[in-house]
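S.K.:
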Amino acid sequence: MCTKERGRDAAAPAVPEASGRKTPEAPGPARRESTAVPAASSSPRPARPEGAGPAFASLPAARLVVIVVVAATAVTLTVIGIVITMNLPPEWFPGIFVTPDLAGGLTFPVVAAFLLAHRSRPATAWLMSAGGLGCAVNVFGSAMMGYSGASGDLAAAGYYRYAGGIGWVVGGTLLAIVLPLYSPDGRLPSRRWRPLVVVAVAVMVVETVRLVVRPAPPAKGYPLPQIIPNPLAIDALAPYNLTIQNFLAGLINLLAVLSLLSLALRARRADPVLRRQIAWPLTAFAVYVVFLLAGSAWNVAATIATGLIPVAIAFSVLRYRLYGIDTVVSRAFVAAGLISAVSAVYFGVGALAGLTLSDYDRIGGLTAALFAGVVFHPLRLVLRRWVDRLMYGTHGDPRALAARLAHEVGGADPANALAAVTAVIRDGLSVTGVAVEVDDPGIRRVEAGPLGPAPRTVPLVWHGEPVGRLLLGAPGPRRFAAAHNDRLIAVVTPYVADVVHAVRMTADLQRSRERILTAREEERRRLRRDLHDGLGHALTDMAMSINMARISMRTAPASADRLLSELRSGMDAVGQEIRELVYGLRPPTLDELGLAGAVRALAAEGEPQVAVETEGDLSDLPAAAEVAAYRIAQEGLTNIRKHARARSAVVSLRRGESLVVRVQDDGHGLPAVPRSGIGLLSMRERAAELGGTCVIGEAPGGGTVVEAVLPISAARM
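Using the working numbering, you'd call the opening residue of the sequence shown number 1097 and step up by one each time.
1) Between which residues of its own chain and V1815 is the CB-CB distance below 7 angstroms, once the five residues before and five after are set aside?
2) Could you tell me whether the segment 1274-1283 touches the segment 1348-1367, using the rule of 3 or more Cβ pairs below 8 angstroms?
3) With 16 as the cutoff for other CB atoms within 10 Å, does V1802 come out buried or exposed?
4) Would you report the Cα separation of R1780 and N1581, rounded to the nearest angstrom?
5) Taking only three categories from DSSP, how would you classify S1216?
6) Kindly indicate the opening and closing residues of the beta strand (DSSP E) around S1744.
7) Helix, strand or coil for V1802, going by three-state DSSP, please let me know.
8) Would you kindly report the start and end of the unbroken beta strand (DSSP E) that includes A1352?
9) Taking A1729 as part of the alpha helix (DSSP H), name the residues at either end of that continuous run.
10) Please state if the CB of V1266 and the CB of A1296 are separated by a distance shorter than 7 angstroms.
11) Can you grab the Cα-Cα spacing for the pair G1799 / D1761, in whole Å?
12) Do V1563 and A1593 have their C-beta atoms closer together than 7 angstroms?
13) Check whether the Cβ atoms of R1565 and T1553 sit closer than 7 angstroms, and answer yes or no.
14) Here's the rule I'm using: 16 or more other beta-carbon atoms within 10 Å means buried, otherwise exposed. How should A1652 be labelled?
15) Can you tell me which of the three DSSP states T1602 falls into?
16) When the distance is taken between beta carbons, is L1223 closer than 7 angstroms to P1325?
17) Between P1796 and the rest of its own chain, which residues show a CB-CB distance below 8 angstroms, the 5 nearest in sequence each way excluded?
18) In its own chain, which residues sit with a C-beta less than 7 angstroms from the C-beta of F1343, not counting the 5 before and 5 after it?
19) Output the distance between the C-alpha atoms of T1734 and L1755, rounded to the nearest integer angstrom.
20) Could you spell out the range, first to last residue, of the alpha helix (DSSP H) harbouring T1553?
21) Between A1692 and L1714, which are expected to be in contact by the criterion C-beta below 8 angstroms, what is the C-beta distance as a whole number of angstroms?
22) From the DSSP output, which residues share a beta bridge with V1759?
23) Residues in the same chain with beta-carbon distance under 6 angstroms from L1660, minus the five sequence neighbours each way, listed in chain order, please.
24) Measuring alpha carbon to alpha carbon, tell me which of R1696, G1787 and Y1591 ends up nearest A1513.
25) Can you round the beta-carbon distance between G1529 and G1569 to whole angstroms, since I take them to be within the 8 angstroms contact cut?
26) Which stretch, first to last residue, makes up the beta strand (DSSP E) that contains E1561?
27) Taking the alpha carbon of L1357 as the reference point, which residue from L1328, L1284 and P1313 has its own alpha carbon closest?
28) Just to check my reading of the structure: D1536 and R1600 have Cβ atoms closer than 8 angstroms, yes? What is that Cβ distance to the nearest angstrom?
29) Would the segment 1171-1182 and the segment 1374-1384 be scored as touching if the rule is three or more Cβ pairs under 8 angstroms?
30) Pick helix, strand or coil for I1521, following the three-state DSSP scheme.
31) Please determine if the segment 1325-1335 and the segment 1344-1356 are in contact, where contact requires at least 3 C-beta pairs separated by less than 8 angstroms.
32) Between V1194, F1189 and A1221, which lies nearest to L1320 when the distance is taken from Cα to Cα?
33) Starting from T1045 and walking both ways along the beta strand (DSSP E), at which residues does that stretch end?
34) Please classify A1804 as buried or exposed, where buried requires at least 16 other C-beta atoms within 10 Å of its C-beta.
35) Span of the beta strand (DSSP E) holding I1792?
36) According to DSSP, what are the bridge partners of A1167?
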């Protein structure tokens, strides 16, 4: 950072001694008047919107020019100042050359430009940029002061000394006092800290004026060959200059300590994630202050600590993704690794080919290019995984997240798998909350954490069938870039869709079982009622008619004949009722014609024209499978005749390990909003009773297809 040496400068030139030079009055151990070290951290604001282009491309042209010009100017001035100082004559060479100003001018503007390029209003980065530029001006002005003095142009040296002094004051105030106050989010901790900013600005103005108008030093004890004149000096201030200097130096140090205290208090009151973010620059700043206060013997260590402060800020940004720039950085790492590795392979193979092949020009170059091309894609994948693991840790690793999901899904029953999956996704995607909505009226939404007012909705599709929605809350403290976040979502979505489908199937199965039990009890009740109210009464009436016929046979044969005739009609009615009961239990055509014949009989009942195709032996099917297949085919044909408006249809019965029933038509297909009617639900239930499935979808050439898979082994049980 910017520093100033100790010394009584009651008659010193107008601007501060640069780069650690001793003051003219009292040569001796140096003491720095001020320090300017930022302790900035990144703020956990939302990343740039998804889909945003490269950072520099999204900036306005004016801001882009300012960013590039400030960073380039600061680095250029610092480098030029170093080169000029290294070539000064010994009598004009500064007493202390390596100072924090050098590190401040080289590092802070570059890091600030990097941060400014990826965020719209980072006040901390603007402060770093301006303060680093001030340090660079101090280095350059001090060097040019020595160069002009060595060249004999003392008037020019005085003006360069003005520039160095102003750069020192501005850089020191911004970096040592103002920057910690506005870190890490570009806002003051509270309104109570505003007076500190006002005092800092006032001290900066007063110190600048003092450096400009201070009297020239006496010749005795002056460290340089000639006294650099100050045309703006006010000699009347000579008796008070040292007092004012010491007072301002103490006030600057006090303000710097208070600013550092504000950053420490902010870290103490922050949440754990923000506290870790602030810890890096806060620690670097504290290390710098320790070395700075240790004296000039530790000047090199203080300079190194100064350079580590923007590195700590950058690490905080990269590690916690506060500005949404980790995508750019990760791609840069991957690109750098690819360039290095592919170049090494190319030149290595080329050199080896040159040593072993006589005709290198034609064969060696081709061989090297082929080897480089072969390793490019695998190396890119390895580097990308390595960089993702480095930047995001195991939480952002798609493979690790997939493994965690697979473990949770495999170890939990469907009832608890959904809750386990939502918890894993919330942690893996680092969002505030996750919810899964299942397209099933009987299943409530499963949530993990708060979603916020506008959650992101991701559709869940299982083999082309929408099964639900995945709702994601706002990004949490471990913020991922948009592209990486989309990759993670693409990894987790199939697992969630599988679990949601399993939950739906479990719910459907449970409801089917309940309906089966209900239907069985209803059927038993109906049979009891029909047998009791119908057959029971009919048989009682028939028994009474027989008794009356027996009594009337001797005395009234005509009456007995009428009673027997009525008895015959009653027996016919009872037989018909028994046949209806039997038909409700199992269609008689199955016993008369078999499954294939019974389905052909259904197909011949009306329009449209229906072809029946069979494959395999259908003669010894289990009774339950036969009835289910017949009812599914019957319901499918009924739906075709009622709703499809088809010209033709095909019913296929194929026996393998399972019995597959397929009903397909060439009608207008499913409606835009599918509805599950009683018939479709009945087909699914009949298949589920045997542990099978029934899927209704669009036919490849248009129309609708119903395909039921009925396990034969389950039907035998």
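Each residue gets a CB set at the ideal place from its N, CA and C atoms; glycine is no exception.
M.R.: Taking the definition as stated:
1) Residue 1815 lies beyond the stretch modelled for the chain, which goes from 1097 to 1813, so this question has no answer here.
2) yes
3) buried
4) 38 angstroms
5) In this prediction, S1216 scores a pLDDT of 46, lower than 50, which makes its location untrustworthy; the coordinate-derived value is nonetheless stated afterwards. Three-state result, S1216: coil.
6) S1744 to R1751
7) strand
8) From DSSP, A1352 is part of no beta strand (DSSP E) but of the alpha helix (DSSP H) over N1337 to R1365.
9) A1719 to N1735
10) no
11) 5 angstroms
12) yes
13) yes
14) exposed
15) helix
16) no
17) none
18) none
19) 21 angstroms
20) Looking at the DSSP string, T1553 is not in any alpha helix (DSSP H); the run it does join, the beta strand (DSSP E), is R1552 to W1558.
21) 5 angstroms
22) V1747 and V1802
23) A1645
24) Y1591
25) 4 angstroms
26) E1561 to L1568
27) L1284
28) 5 angstroms
29) no
30) helix
31) no
32) F1189
33) A question about residue 1045 goes unanswered here, because the residues of the chain that appear run from 1097 up to 1813.
34) buried
35) T1789 to E1794
36) Per DSSP, none; premise fails for A1167.
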